[in-house]
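S.K.:
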Amino acid sequence: MLGTGLLKGLAVTAKNFVGSFHDPKRYTTVEYPEQPTKLPENYRNFPFLVFDGEQPIDGLRCVACKICEAECPPQCIYIIPDRDEKGRPTKKPKVFDLDVSVCMSCQICVEVCPFDAIKMDQHFEIATADRFNGLLLHREDLAKSDAYYHSIHPTEAAQVDEILAEAKRKAEAKAKPAAPAAPAAVKPPEPPAPAV
Amino acid sequence: METPEQIQARLAARFPAAAVTLVPNPAPAGMAALLVDAAHARQIAFFLREDPELKLDYCSNATGIDWPEKEIVETTRSTLADPAGGPPRTIEQKTKRIQPGYLEVVYHLYSMARKHGPVILRVRTGNRTDQVTLPSLTPVWRSCEFQEREIYDLFGITFEGHPDLRRLLMWDEFTGHPMRKDYVEPDDYEWEPTPHEEVLEKAKRHYAAPEKEGTP
Amino acid sequence: MTTAFTPTPSGAHVRAVHDPFHGDLLEISMGPHHPSTHGVFRMMVTLDGENVVKLKPVFGYLHRNHEKLGENTSYLGSMPYTDRLDYFCSMTNNWAYALAVEKLAGQPVPERAEYLRVILAELTRLLNHTCLAGFLLQDTGASGTPLMYAFREREKILDLFEALSGSRMMCNYQRFGGCRIDATPAWLAAVRGIVDGYGAFLDEYEELITGNEILLARTQNVGVLSPALAVSAGITGPMLRAAGVDYDLRKVDGYGLYPRFDFRVPLGAHGDTYDRYMVRMLEMRESIGILRQALAAIPDGPIMDPKAKIRGFRPKPGEAYGRIEGPKGEIGFYLISDGTPNPYRYRVRPPSLINLTVLEDLCLGHTLADAVIILGSIDIVLGEVDR
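Chains as they are written, first to last, in the numbering used here: chain A, -7 to 188; chain B, 81 to 296; chain C, -16 to 370.
This is the structure:
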């Protein structure tokens, strides 16, 4: 009979309408700012730099090797290595800038980093009115503690710790007489960085 | 399916005037391509489509490649017997020659009827400047219509016999062919907070003193 | 010929054209910001009354010379850019590109990675066809409701992608010689849950729409594509199979592990818009079957070939053409290596662009409103058309 398909379809719509009042399967909307959702552990947004210890800048794992700068497909990383008074490289970045207006969150920098110094953040509320400097993150904004890294990617961070501990053991076995390095200080997880 | 060598032999028998050569492919996927001369390209294409053995009725991919002029240094080694009776000497001779540039169109042909493929067909232009006309294969495979327009747009190869040869992706007033290796992009510049080498060079040209804010 | 030129307040061009053969015609520039063109696509349509007598697509509004970018980036660096071609199907784009590079370098892939690729590709097919069914209904004028139901299901698959790869749409997941992150048992269980529930959603959706008399009237015998034209024009994917041509690369090429799975290839009989819709609905049911088999059989093991190289990847000179059956059609990558870290030539075979070849042929003689549905049933994404 003409119109049966139409009526069947309307029945489906009615079922969904009524269901949205009592069935969570049919009411899937999340009231976002009031009701935050839980991000999956693998979620990635923009990169940040991991530091060990208490000092954000001195503790950076980054050695300014510029591998990520070269591999970054949209070329959003800008590094100037630091040098001491005599002009020798100190293996620290003097400038580490990341333009998040260019960054496409592909995490290739994380994959190519041999020092596990750069990782993907989960903080996404970074809207700003200044599209140039507001979206340009310097090393001060990018440096986040190892404890923060553990709080957002626990599984991955545990694996990274194992790799780093292994590398450390090997280095110590090589240089036996050297004094054992102090273990990384554990800090309580700090709250997500404020919006820039 | 027949190997490229067999197809080449059959084409040579069918079109004695046509120059059909094999272009080897050293990659592990290695499938040699058939390089045909522009004058016979369309006849050969029709033959490949209609031949009951091959029945290559589907042209999957048509694309251009730019091979600019390049200098090739060839080293030839020749062994000379020493007239004094010593061990033979090896003489290396270096010859420089300039390989002329050309543009190339590659067609990847498959058969939907017989479910085999690919046969790779290549056609080359005489040079990169004035002899850039090739026969269009759109009359043979309709799927070349937009792809040949794209090649015309981005590489600057003119296809003779194409029903509607206009620029596809760039606008009509655009000059130049962006996919050529020697294409120079226009000197437009927008300030960026993270200047890399090339952008920094541009920045220096556009501003007497590079802006201090952002990066030192 | 041309008489008056009147830009309308919305910015669209409408002008009267006099043609000595057809008489008085109306030329409409539809797009690039028309909501029914699925992005920034523009059609110059000439109408005789309400019927289309000429239709010329205009491309390039989203052109960013993807291929040139690929030639200036390393092999790895192009992988995230392939996500942005067809942003609904980043997993299959990744796979096609990885397959081309693996062919170029002779790189084997571990079995678990191949299973993961099949799972992700079939999830992408579900996602893409579900969205298409929603968009097609939106184009027929069923504003909102079917599209929202489709998006509700799509969201679940996007959540899976996010949990695995870290990003909902720009997954950047496949690598040459494997995959990036291993799937946890919990993730596989979540996929199983969604696959088990998907059949019920499809049943509900079909009850909502498939038998709907308005849809039948709007889509049957509209935009009929003949098999001969479809083959000649290089149409691929569900659109080709709706025209009755049995050509599915999963069967023909047997790439990946597809020969191990038991599935059927749905074919249409008429090649009209309704067949194109139905073929996709049936393909989704086959995809569910493939997913069930893959989830039951996925082995443990490594997900990356130990010899695979991520950084400083330099394949030997040569060329390769890798193609897979994407949800929209055959997506292929043609790469030429000259031994340097960047490809010498990087070419994308975009199924959306080539499927548009027959747009004018399909629309001639139909009304402008039908042209919108026909375009919707071709299933294009402008990121891929314009590249």
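Glycine included, each C-beta is placed from N, C-alpha and C at the ideal position. All of these numbers come straight from a predicted model, not from anything done at the bench.
1) Applying a beta-carbon distance threshold of less than 7 Å, which residues of chain C neighbour E225/B?
2) Quick one: is K0/A near chain C, going by C-beta distance under 8 Å?
3) Near L134/B, what residues of its chain come up, given a Cβ to Cβ distance below 6 Å and the 5 sequence neighbours on each side ignored?
4) When burial is assigned at 16 or more other CB atoms within 10 Å of the CB, is A158/B buried or exposed?
5) Going straight from the alpha carbon of R194/B to that of L250/C, what length do you get?
6) Hey, how far is the Cα of P93/C from the Cα of A142/B?
7) Do you know how far the Cα of V264/B is from the Cα of P258/B?
8) Mind checking if D2/C is an interface residue toward chain B, Cβ cutoff 8 Å exclusive?
9) Once the 5 residues before and after F254/B are set aside, which same chain residues still bring their CB inside 7 Å of it?
10) Whole angstroms is fine: what's the gap from R80/A's alpha carbon to I155/A's?
11) For the putative contact between D245/C and Q203/C, defined by C-beta atoms under 8 Å, what is the C-beta separation to the nearest angstrom?
12) So who's on the other strand from R233/C, going by DSSP bridges?
13) Is the distance from the Cβ of L128/A to the Cβ of D89/A below 8 Å?
14) Could I get the ranges of all uninterrupted alpha helix (DSSP H) runs contained in the segment 5 to 79 of chain A, with 4 residues as the minimum, in chain order?
15) To which residues of the same chain is Y241/C closer than 6 Å at the C-beta, ignoring the five residues directly before and after it?
16) At the 8 Å Cβ level, is T5/A part of the contact set with chain C, yes or no?
17) Who are the near neighbours of M153/C in its chain, counting only those whose CB is closer than 8 Å to its CB and skipping five residues on each side?
18) Would I200/B pass as a contact of L280/B if the rule is Cβ separation under 8 Å?
19) Report yes if the C-beta distance between G51/A and I192/C is below 8 Å; otherwise report no.
20) When you compare each of H16/C, L103/C, V174/C and I197/C to N155/C by their alpha carbons, which one comes out closest?
21) Give me the chain C residues within the contact set of L160/B, using Cβ-Cβ distance strictly less than 7 Å, ordered along the chain.
22) Below 7 Å on C-beta distance, what does K51/C contact in chain B?
23) Leaving out five residues before and five after P172/A in sequence, what residues of the same chain have Cβ atoms less than 6 Å from its Cβ?
24) Distance cutoff 8 Å, beta carbons only. Does T143/B sit that close to anything in chain C?
25) Mind pulling the chain C residues with CB within less than 9 Å of S140/B?
26) Please list, in chain order, all residues of the same chain as E136/C whose beta carbon is under 6 Å from its beta carbon, the five residues on each side excluded.
27) Who are the Cβ neighbours of P198/B in its own chain at under 8 Å, not counting the five residues just before and after it?
28) With H, G and I counted as helix, E and B as strand and the rest as coil, what does DSSP make of G251/C?
29) What in chain C is Cβ-close to C57/A, meaning under 8 Å?
30) So which residues of chain B does Y80/C contact, with C-beta pairs closer than 7 Å?
31) Using a cut-off of 8 Å between C-beta atoms, extract the partners of D137/B located in chain C.
32) Just confirm the distance between the C-beta atoms of I145/B and E85/B, as a whole number of angstroms; I'd bet it's less than 8 Å.
M.R.: This is what the structure gives:
1) Position 145 of the second sequence holds residue 225/B. Those within 7 Å of E225/B in chain C are T340.
2) Reading the first sequence from its first residue, position 8 is the one you call residue 0/A. At least one chain C Cβ lies under 8 Å of K0/A.
3) For the purposes of this step, residue 134/B is taken as residue 54 along the second sequence, with counting starting at 1. Around L134/B: L128.
4) In the second sequence, residue 158/B corresponds to position 78, counting from 1. The sequence shown places Ser at residue 158/B, rather than the Ala named in the question. When all chains shown are included, S158/B counts as exposed.
5) Along the second sequence, read from residue 1 onward, the residue named residue 194/B stands at position 114. Along the third sequence, read from residue 1 onward, the residue named residue 250/C stands at position 267. C-alpha separation (whole angstroms): 17 Å.
6) Within the third sequence, the letter at position 110 stands for residue 93/C. Within the second sequence, the letter at position 62 stands for residue 142/B. For P93/C and A142/B, the distance between alpha carbons rounds to 32 Å.
7) Locating residue 258/B in the second sequence gives position 178, counting from the first residue. Locating residue 264/B in the second sequence gives position 184, counting from the first residue. When rounded, the distance between both Cα atoms is 8 Å.
8) Taking the third sequence and counting its residues from 1, the one referred to as residue 2/C is at position 19. For D2/C, the answer is no, since every Cβ of chain B falls outside 8 Å of its Cβ.
9) Translated into the one-based positions of the second sequence, residue 254/B becomes position 174. Cβ neighbours of F254/B beyond the five flanking positions: R247.
10) As a first step, residue 80/A is located in the first sequence; it is residue number 88 there, counting from the start. As a first step, residue 155/A is located in the first sequence; it is residue number 163 there, counting from the start. R80/A and I155/A: Cα-Cα distance of roughly 29 Å.
11) Your numbering for residue 245/C matches position 262 in the third sequence. Your numbering for residue 203/C matches position 220 in the third sequence. Contact flag wrong, Cβ pair sits at about 31 Å.
12) For the purposes of this step, residue 233/C is taken as residue 250 along the third sequence, with counting starting at 1. Answer by DSSP bridge pairing: none, since R233/C is not bridged.
13) Residue 128/A sits at position 136 when you count from the first residue of the first sequence. Residue 89/A sits at position 97 when you count from the first residue of the first sequence. Yes, Cβ-Cβ distance for L128/A and D89/A is below 8 Å.
14) 59 to 63
15) For the purposes of this step, residue 241/C is identified with residue 258 of the third sequence, where counting begins at 1. Correct list, in chain order: R233.
16) In the first sequence, counting from the first residue as 1, residue 5/A sits at position 13. Yes, T5/A counts as interfacial toward chain C.
17) Within the third sequence, the letter at position 170 stands for residue 153/C. Closer than 8 Å at Cβ, skipping near neighbours: P63, D66, R67, Y70 and S73.
18) Within the second sequence, the letter at position 120 stands for residue 200/B. Within the second sequence, the letter at position 200 stands for residue 280/B. No.
19) Indexing the first sequence from 1 puts residue 51/A at position 59. Indexing the third sequence from 1 puts residue 192/C at position 209. Cβ atoms of G51/A and I192/C: not closer than 8 Å.
20) One-based indexing of the third sequence puts residue 155/C at position 172. If we check each option's Cα against that of N155/C, L103/C comes out closest.
21) Here residue 160/B corresponds to residue number 80 of the second sequence, with the count starting at 1. The contacting residues do not exist; L160/B stays about 32 Å from chain C at best.
22) One-based indexing of the third sequence puts residue 51/C at position 68. Correct list: P258 and M259.
23) As a first step, residue 172/A must be located in the first sequence, where it is residue number 180. Here the model assigns P172/A a pLDDT of 48, short of 50, so the residue's position is not dependable, and the following value carries that caveat. Cβ within range, chain order: n/a, list empty.
24) Within the second sequence, residue 143/B is the residue found at index 63, counting from 1. For T143/B, the answer is yes, since a Cβ of chain C falls inside 8 Å of its Cβ.
25) As a first step, residue 140/B must be located in the second sequence, where it is residue number 60. Near S140/B (Cβ distances below 9 Å), the residues of chain C are G217, T219, Y304, R306, E313, G315, R332 and I337.
26) Numbered from 1 along the third sequence, position 153 holds the residue referred to as residue 136/C. Correct list, in chain order: T113 and F184.
27) Stepping through the second sequence from its first residue, residue 198/B is reached at position 118. Closer than 8 Å at Cβ, skipping near neighbours: M111, S140, H188, L189 and Y190.
28) Here residue 251/C is taken as the residue at index 268 of the third sequence, counted from 1. Reduced to three states, the DSSP call for G251/C is coil.
29) Here residue 57/A corresponds to residue number 65 of the first sequence, with the count starting at 1. Here the premise fails: no neighbours, minimum Cβ distance about 12 Å.
30) For the purposes of this step, residue 80/C is taken as the residue at position 97 of the third sequence. Here the premise fails: no neighbours, minimum Cβ distance about 14 Å.
31) Position 57 of the second sequence, counting from 1, holds the residue named residue 137/B. V214 and S215, listed in chain order.
32) Here residue 145/B is taken as the residue at index 65 of the second sequence, counted from 1. Here residue 85/B is taken as the residue at index 5 of the second sequence, counted from 1. Contact flag wrong, Cβ pair sits at about 23 Å.
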